[in-house]
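Here numbering that gives the first Met the number 0 is used: the sequence shown runs in plain steps of one and ends on residue 91. Just so you know, even glycine gets a beta-carbon here, dropped at the ideal spot from N, CA and C. None of the values given here were measured: they were computed from a predicted structure.
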Amino acid sequence: MTPSLYERWLVACVEAIDEPDAFATRPCPSCASPSLNLAFVVMSGDETMGIPCFWCDACLHGTFVCRALIPEGARRVPKDQRDTIPNYRVVS
Ligand SMILES: [Zn+2]
């Protein structure tokens with residue numbers, strides 16, 4: 000069975016969280032462009048947790064998952080700078 004687009008985004012997102020250094024060269028699940036971005040929005044207080052935002056700069060599709068532990072080397076975005084993340088369309 001072919002995974003749905005949503006499933007492919009989720010898999011790509013989980014892989015990006017696992018390997019924040021390696022996903023940049025992987026193809027976007029929607030448009031195949033190597034333009035994926037991952038940033039963790041950090042809420043006040045706990046700096047080790049964030050909301051992972053995962054999107055493609057080329058087609059502006061993406062996904063996000065629940066709060067997660069921020070891996071070493073991942074980009075962090077403070078909550079008040081959240082508008083530095085493009086308003087991408089969440090694949091569902
Ligand atoms: Zn794309």
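Annotation: CYS58 is outside any beta strand (DSSP E) and is labelled neither H nor E by DSSP.
Set against 7 Å, the gap from the CB of ALA57 to the closest heavy atom of ligand 1 is smaller. Taken in chain order, no unbroken stretch of alpha helix (DSSP H) lies wholly in the stretch 26–76 with a span of 4 residues or more. The beta carbon of SER34 sits closer than 7 Å to at least one heavy atom of ligand 1.
Closer than 7 Å to some heavy atom of ligand 1: that does not describe the Cβ of SER91.
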